[in-house]
Amino acid sequence: LTWRSQDVENCAVRGKLTDECYNYIRVLVPWDSQTLLACGTNSFSPVCRSYGITSLQQEGEELSGQARCPFDATQSNVAIFAEGSLYSATAADFQASDAVVYRSLGSQPPLRSAKYDSKWLREPHFVHALEHGEHVYFFFREVSVEDSRLGRVQFSRVARVCKRDMGGSPRALDRHWTSFLKLRLNCSVPGDSTFYFDVLQALTGPVNLHGRSALFGVFTTQTNSIPGSAVCAFYLDDIERGFEGKFKEQRSLDGAWTPVSEDRVPSPRPGSCAGVGGAALFPSSRDLPDDVLIFIKAHPLLDPAVPPATHQPLLTLTSRALLTQVAVDGMAGPHSNTTVLFLGSNDGTVLKVLPPGGRSGRAEPVLLEEIDAYSPSRCGGKRAVQTARRIIGLELDTEGHRLFVAFSGCIVHFPLSRCARHGACRRSCLASQDPYCGWHSSRGCVDVRGGG
Numbered sequence: 002l003t004w005r006s007q008d009v010e011n012c013a014v015r016g017k018l019t020d021e022c023y024n025y026i027r028v029l030v031p032w033d034s035q036t037l038l039a040c041g042t043n044s045f046s047p048v049c050r051s052y053g054i055t056s057l058q059q060e061g062e063e064l065s066g067q068a069r070c071p072f073d074a075t076q077s078n079v080a081i082f083a084e085g086s087l088y089s090a091t092a093a094d095f096q097a098s099d100a101v102v103y104r105s106l107g108s109q110p111p112l113r114s115a116k117y118d119s120k121w122l123r124e125p126h127f128v129h130a131l132e133h134g135e136h137v138y139f140f141f142r143e144v145s146v147e148d149s150r151l152g153r154v155q156f157s158r159v160a161r162v163c164k165r166d167m168g169g170s171p172r173a174l175d176r177h178w179t180s181f182l183k184l185r186l187n188c189s190v191p192g193d194s195t196f197y198f199d200v201l202q203a204l205t206g207p208v209n210l211h212g213r214s215a216l217f218g219v220f221t222t223q224t225n226s227i228p229g230s231a232v233c234a235f236y237l238d239d240i241e242r243g244f245e246g247k248f249k250e251q252r253s254l255d256g257a258w259t260p261v262s263e264d265r266v267p268s269p270r271p272g273s274c275a276g277v278g279g280a281a282l283f284p285s286s287r288d289l290p291d292d293v294l295i296f297i298k299a300h301p302l303l304d305p306a307v308p309p310a311t312h313q314p315l316l317t318l319t320s321r322a323l324l325t326q327v328a329v330d331g332m333a334g335p336h337s338n339t340t341v342l343f344l345g346s347n348d349g350t351v352l353k354v355l356p357p358g359g360r361s362g363r364a365e366p367v368l369l370e371e372i373d374a375y376s377p378s379r380c381g382g383k384r385a386v387q388t389a390r391r392i393i394g395l396e397l398d399t400e401g402h403r404l405f406v407a408f409s410g411c412i413v414h415f416p417l418s419r420c421a422r423h424g425a426c427r428r429s430c431l432a433s434q435d436p437y438c439g440w441h442s443s444r445g446c447v448d449v450r451g452g453g
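Here the sequence shown is numbered in my numbering, starting from 2 and rising by one per residue.
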């Protein structure tokens, strides 16, 4: 499948370099069981196409990619279809000054986040999107509004919108979300002086952890801090409970951000999905009272932050190499009940780790393997070596027993286990604690798959 940009000359006229004027595919998501939606930067003029999943033939006319795909390949974006509508988050303009959470392409009306409103979004970097229950969740990092006195501090966030949101009234939030709320994600080491890993880098989809659905994320320290990385897990039900917290506000220009007293919060609770729960008396978000719409526009931030599962990181690292990606197998081992973390870094290394807990009640994580995944012969190019070695994606293929590792210049893959390296040494095989490896009396250290 080849899709080249037709606007390279116009892109160059606007002062962009040749490498920036290609058509970088930034959205590739299933529209339905038969169709893929693909969106590319198209020389800073984003455009979308639909393709047959099996034929890879273009279907229908091209669509505008604005607010669905970034203009610049270096800008962040996420996109997901939920109940026939595309939910996207990216920069919606050439200058990347208009960050947007947007819904389009379905039977419901297009909606977006408030434009140029730093209370809603302030220079966000979008990481992940997830459909869950009545909502679509967006995970990102952004420049904090509540700690602006400390300079440009980044915080990790989760925001959500109601799938049934129809927008506000002509008087307030018309064609805008009426349900947009956001929370801070707290990945930190507790103690007398809490140490924070504030910068979200990557996040998984839901994985079973201790019998509950959880998301695993990679976090790093602020850029002007001591280099460090952490892996934190967040239970989905803890995130949901977080959206029942108190609203935060800044009463004066230089004042601290404090919780809003309950007697000042209108009813139904701002951010509720119309037609259900506390807002059941309002069939549509367009019917919500004006005071509710005005309040939610000014108060999208909630308190307190979502705590990590087990109230501390599963893993912390302090080294110059920072973690960038994460993939989790929650069904490893012969009984499909062991969790294994695969962690990618900016120096091309993949760490395979057993997190604390498990059947043995491990107090500390166990490093199973450290793999140099970068292949200069396959991935080499004109980019700076450090940039080229940065792992930008990890994808598990549990059926094929492989881990795919994406770099800017190539994709490589490895088996989930390399048990043969233990050879005929029973002690080495068992001491490795690798759930993918087992000892066989005649064949030595062998791969073990789920179910046997």
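Glycine included, C-beta positions come from ideal geometry on N, C-alpha and C. Since the structure is predicted, the reported quantities are computational estimates derived from the model, not experimental observations.
Segment limits, beta strand (DSSP E) that includes residue i
{"i": "Phe-343", "result": "339-346"}
{"i": "Leu-204", "result": "200-204"}
{"i": "Phe-72", "result": "No beta strand (DSSP E) contains Phe-72, which DSSP labels as neither H nor E."}
{"i": "Pro-260", "result": "258-260"}
{"i": "Arg-172", "result": "Note, Arg-172: premise wrong, no beta strand (DSSP E); not H, not E."}
{"i": "Pro-31", "result": "26-31"}
{"i": "Glu-396", "result": "394-398"}
Contact set for residue i: own chain, Cβ-Cβ below 6 Å, skip 5 residues either direction
{"i": "Trp-121", "result": "Ser-114, Ala-115, Pro-301"}
{"i": "Arg-142", "result": "His-126, Gln-155, Ser-157, Val-200, Leu-201"}
{"i": "Glu-9", "result": "Reading off the sequence shown, one finds Val at residue 9, where the question assumed Glu. Closer than 6 Å at the Cβ level, and outside the excluded window around Val-9, lie Cys-22, Ser-44."}
{"i": "Ala-90", "result": "Val-79, Val-102, Phe-127, Phe-139"}
{"i": "Arg-390", "result": "Asp-348, Gly-349, Tyr-375"}
{"i": "Thr-317", "result": "Ala-231"}
{"i": "Ala-1", "result": "Shown here, the chain extends from 2 to 453; a query on residue 1 therefore has no answer."}
{"i": "Pro-271", "result": "Val-293, Phe-296, Ile-297"}
Residue i - partner residues in DSSP beta bridges
{"i": "Val-154", "result": "None, per the DSSP bridge assignment."}
{"i": "Asp-373", "result": "Thr-350"}
{"i": "Trp-178", "result": "Beta-bridge pairing links Trp-178 to no other residue."}
{"i": "Tyr-197", "result": "Ser-189"}
{"i": "Ser-86", "result": "Ala-83"}
{"i": "Ile-412", "result": "Ala-407"}
{"i": "Tyr-52", "result": "Leu-37, Gln-59"}
{"i": "Lys-183", "result": "Ala-160, Leu-302"}
{"i": "Thr-91", "result": "Val-101"}
{"i": "Glu-132", "result": "Val-137"}
{"i": "Gln-251", "result": "Trp-258"}
{"i": "Pro-463", "result": "Shown here, the chain extends from 2 to 453; a query on residue 463 therefore has no answer."}
{"i": "Ala-215", "result": "Val-208, Tyr-236"}
{"i": "His-441", "result": "Gly-445"}
{"i": "His-126", "result": "Arg-142"}
{"i": "Ala-328", "result": "Phe-343"}
{"i": "Glu-365", "result": "None, per the DSSP bridge assignment."}
Residue i beta carbon near the ligand FMN (any heavy atom closer than 7 Å)
{"i": "Ala-275", "result": "This structure does not include the ligand FMN; it has no bound ligands of any sort."}
Residue range of the alpha helix (DSSP H) that includes residue i
{"i": "Lys-298", "result": "291-299"}
{"i": "Ile-240", "result": "237-243"}
{"i": "Glu-10", "result": "9-14"}
{"i": "Ala-432", "result": "427-432"}
{"i": "Ser-378", "result": "377-380"}
Rounded distance between the beta-carbons of residue j and residue i, thought under 8 Å
{"i": "Val-219", "j": "Leu-324", "result": "5 Å"}
{"i": "Thr-350", "j": "Asp-373", "result": "6 Å"}
{"i": "Leu-303", "j": "Lys-247", "result": "7 Å"}
{"i": "Val-449", "j": "Gly-334", "result": "7 Å"}
{"i": "Cys-70", "j": "Gly-41", "result": "7 Å"}
{"i": "Ser-286", "j": "Asp-118", "result": "That belief does not hold up - the Cβ atoms of Ser-286 and Asp-118 are roughly 18 Å apart, past 8 Å."}
{"i": "Trp-258", "j": "Glu-400", "result": "Rounded, the Cβ-Cβ distance is 47 Å, inconsistent with contact."}
{"i": "Phe-82", "j": "Trp-32", "result": "6 Å"}
{"i": "Pro-110", "j": "Phe-72", "result": "With 8 Å as the limit, Pro-110 and Phe-72 do not qualify as a contact, their Cβ atoms being about 24 Å apart."}
{"i": "Leu-342", "j": "Phe-196", "result": "Rounded, the Cβ-Cβ distance is 20 Å, inconsistent with contact."}
Short Cβ contact (8 Å threshold) for residue i with residue j
{"i": "Cys-274", "j": "Ser-346", "result": "no"}
{"i": "Leu-38", "j": "Leu-87", "result": "yes"}
{"i": "Phe-140", "j": "Leu-237", "result": "no"}
{"i": "Val-458", "j": "Leu-282", "result": "A question about residue 458 goes unanswered here, because the residues of the chain that appear run from 2 up to 453."}
{"i": "Phe-244", "j": "Arg-363", "result": "no"}
{"i": "Lys-353", "j": "Leu-174", "result": "no"}
{"i": "Ala-280", "j": "Pro-269", "result": "yes"}
{"i": "Ala-74", "j": "Tyr-25", "result": "yes"}
{"i": "Ile-393", "j": "Phe-415", "result": "no"}
{"i": "Glu-63", "j": "Cys-49", "result": "yes"}
{"i": "Asn-187", "j": "Ala-100", "result": "no"}
{"i": "Cys-446", "j": "Gly-424", "result": "yes"}
{"i": "Asp-239", "j": "Pro-308", "result": "yes"}
Cβ shell of residue i (< 8 Å), same chain only, five flanking positions each side left out
{"i": "Ala-385", "result": "Unreliable placement is indicated for Ala-385, whose pLDDT of 49 sits below 50; no coordinate value is reported for it."}
{"i": "Asp-292", "result": "Pro-267"}
{"i": "Thr-311", "result": "Ala-234, Pro-357, Gly-358"}
{"i": "Gly-16", "result": "none"}
{"i": "Ala-215", "result": "Pro-207, Val-208, Asn-209, Ala-234, Phe-235, Tyr-236, Leu-237, Ala-310"}
Own chain, CB closer than 7 Å to residue i, minus 5 neighbours either side, in chain order
{"i": "Gly-453", "result": "For Gly-453, the pLDDT reaches just 44, beneath the cut-off of 50, and the residue's location in the model is therefore unreliable, although a value from the coordinates is still provided. Pro-335, listed in sequence order."}
{"i": "Pro-366", "result": "Leu-315, Leu-316, Val-354, Leu-355, Pro-356, Pro-357"}
{"i": "Gln-223", "result": "Val-154, Gln-155, Asp-199, Val-200"}
{"i": "Ser-6", "result": "Cys-22, Tyr-23, Asn-24, Asn-43, Ser-44"}
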